[in-house]
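Numbering (the UniProt record's numbering), first residue to last: 1 to 236.
Quick reminder that beta carbons are idealized off the backbone N, C-alpha and C, glycines included.
For clarity, every value in this text was computed on a predicted model and none was experimentally measured.
Only one structure is covered here, and it is reproduced in the block below.
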């Protein structure tokens with residue numbers, strides 16, 4: 001069983017690739033951001049470290065090397081495949097919180113205002129899929145206490161410190177019997193503010209991101225995709 005299959009099985013999310021999130025690392029100046037993806041057991045698979053100032057997580061993703069590769073269809077993601085019980089294909093996707101952009105390969109929750117019970121179920125299902133990266137950040141902070149306070153170091157050394165912390169985190173997880181792939185590392189300096197445009201020749205399902213989220217929403221409520229306990233957690 002590969003890492004994607006393990007994540008899909010653990011969090012009951014078909015077509016899930018992995019979860020991604022951003023974490024602001026406090027440094028005396030300037031503000032920096034760690035954007036990471038983590039597999040089912042906590043090791044980081046990719047990290048982007050950049051001098052992004054006070055940009056939102058969504059802006060950081062678009063300016064990062066990982067985000068540019070994602071939006072340009074350069075990540076060699078699995079080809080879209082049908083969800084269980086369906087004939088039309090659905091893309092494999094990352095799960096992220098509401099701060100990230102909705103796209104064909106990024107599923108995010110519905111806005112919190114005016115949530116119906118059904119949408120609460122959808123948001124709950126996605127939040128389960130984000131646990132791997134949230135736990136990875138939690139383990140990182142608990143093991144390396146320097147991340148709990150503003151880091152006072154030469155700015156030129158900051159990226160190396162954060163990368164070393166991420167590599168050590170993976171080393172510790174490996175020693176605990178959890179083996180991940182080597183980290184793909186990108187350092188981004190003064191990235192241009194223009195968001196990358198889509199390119200590439202990969203065939204996508206003929207749906208907008210909103211259409212795809214609504215399809216996944218309906219799938220979570222259908223017997224083919226629902227969980228027996230999901231109503232208990234979400235329905236008021």
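Assign residue i to buried or exposed, taking buried as 16 or more other Cβ atoms, counted over all protein chains shown, within 10 Å of its Cβ.
{"i": "residue 103", "result": "buried"}
{"i": "residue 63", "result": "buried"}
{"i": "residue 105", "result": "buried"}
{"i": "residue 138", "result": "exposed"}
{"i": "residue 222", "result": "exposed"}
{"i": "residue 174", "result": "exposed"}
{"i": "residue 192", "result": "For residue 192, the pLDDT reaches just 37, beneath the cut-off of 50, and the residue's location in the model is therefore unreliable, leaving the point undetermined."}
Residue i and residue j: beta carbons closer than 7 Å?
{"i": "residue 7", "j": "residue 20", "result": "no"}
{"i": "residue 115", "j": "residue 95", "result": "no"}
{"i": "residue 11", "j": "residue 166", "result": "no"}
{"i": "residue 224", "j": "residue 85", "result": "yes"}
{"i": "residue 238", "j": "residue 159", "result": "A question about residue 238 goes unanswered here, because the residues of the chain that appear run from 1 up to 236."}
{"i": "residue 83", "j": "residue 14", "result": "yes"}
{"i": "residue 38", "j": "residue 133", "result": "yes"}
{"i": "residue 25", "j": "residue 34", "result": "yes"}
Here's a check: name, in chain order, each residue in its chain whose Cβ is nearer than 7 Å to the Cβ of residue i, leaving out the five neighbours to either side.
{"i": "residue 110", "result": "119, 122 and 123"}
{"i": "residue 226", "result": "220"}
{"i": "residue 58", "result": "99, 100 and 101"}
Between residue i and residue j, how many whole angstroms is the CB-CB distance? I'm expecting something under 8 Å.
{"i": "residue 22", "j": "residue 47", "result": "With 8 Å as the limit, residue 22 and residue 47 do not qualify as a contact, their Cβ atoms being about 10 Å apart."}
{"i": "residue 92", "j": "residue 78", "result": "5 Å"}
{"i": "residue 257", "j": "residue 161", "result": "Missing from the structure shown is residue 257; the chain here goes from 1 to 236 and no further."}
{"i": "residue 215", "j": "residue 107", "result": "Contact flag wrong, Cβ pair sits at about 10 Å."}
Could you compute how far the alpha carbon of residue i sits from the alpha carbon of residue j?
{"i": "residue 154", "j": "residue 176", "result": "33 Å"}
{"i": "residue 70", "j": "residue 157", "result": "28 Å"}
{"i": "residue 141", "j": "residue 220", "result": "33 Å"}
{"i": "residue 65", "j": "residue 234", "result": "36 Å"}
{"i": "residue 81", "j": "residue 87", "result": "9 Å"}
{"i": "residue 135", "j": "residue 18", "result": "13 Å"}
{"i": "residue 230", "j": "residue 32", "result": "37 Å"}
{"i": "residue 208", "j": "residue 90", "result": "11 Å"}
{"i": "residue 117", "j": "residue 217", "result": "12 Å"}
{"i": "residue 148", "j": "residue 164", "result": "16 Å"}
{"i": "residue 146", "j": "residue 228", "result": "42 Å"}
{"i": "residue 97", "j": "residue 9", "result": "20 Å"}
State yes or no: is the beta carbon of residue i nearer than 7 Å to at least one beta carbon in chain B?
{"i": "residue 73", "result": "This model lacks chain B altogether, as it is built from one protein chain only."}
Near residue i, what residues of its chain come up, given a Cβ to Cβ distance below 6 Å and the 5 sequence neighbours on each side ignored?
{"i": "residue 242", "result": "The requested residue 242 does not occur in the structure, where the chain is confined to residues 1 to 236."}
{"i": "residue 168", "result": "none"}
{"i": "residue 4", "result": "17"}
{"i": "residue 144", "result": "165"}
{"i": "residue 75", "result": "69"}
{"i": "residue 232", "result": "none"}
Which same chain residues end up closer than 8 Å to residue i when comparing Cβ atoms and leaving out the 5 residues on each side of it in sequence?
{"i": "residue 56", "result": "99"}
{"i": "residue 194", "result": "With a pLDDT of 36 at residue 194, under the threshold of 50, the modelled position of this residue cannot be trusted, and the question is left open."}
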